[in-house]
Amino acid sequence: MTNIFYFKISYIYQINHNLLSKKIILIILKNLSLSTKVLIGVFAGIFLGLFFGEDVGWLSIAGEVFIGLLQMTVLPYIMFSLIVNIGRLDIETGKRIIKFGLIFLSLLLVIGMFYLIVLPMAFPDWGSGNFY
């Protein structure tokens, strides 16, 4: 009879202890800022990835979803900010930005065409190899 009573008491204590531990952890996590939670998640992911590898590969789904949600909210904000701030420019500043942008894009185009023409000269002809 004593053993059964001890078992029930220890089992109830174990359940209550686990619930109490979970409540304490939840209270601590609720009081942390979002950036702290993200950093904890990043370091936990690095730790799990380094020490457990492929066994925890299925957790990458949560990371991909989180990054996708961030992109879904950040990209429209950036586009809206660009549109609003371009609309606030005066005409002279707008002309200067457009002129600089066109010069920059033209320079990139010329550099790209130069490399497109010059780089094939740096490699030997395909047909000249003896190993074919």
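First residue of the sequence shown? That's 4 in my numbering, and the numbers climb one at a time after it.
Glycine is no exception: its CB is placed at the ideal position from the N, C-alpha and C atoms.
Nearest Cα to A65 within the set M82, L53, G44, L78: G44.
In this structure, DSSP gives S36 a state outside helix and strand, which the three-state scheme calls coil. Just so you know, the alpha carbons of I30 and G97 end up roughly 52 Å apart. Across the structure, S63 and L122 are spaced so that their CA atoms are roughly 39 Å apart.
Secondary structure of R99 (DSSP, three-state): helix. For E67, the uninterrupted alpha helix (DSSP H) run begins and ends at 63-90, by DSSP. Between L53 and V59, the gap from beta carbon to beta carbon reaches 8 Å or more. The three-state secondary structure of F46, taken from DSSP, is helix.
In the structure shown, D58 falls within a helical segment according to DSSP collapsed to helix, strand and coil. The C-alpha of N88 is placed about 28 Å away from the C-alpha of S38. Linking F126 to M116 through their CA atoms gives a straight-line distance of about 17 Å.
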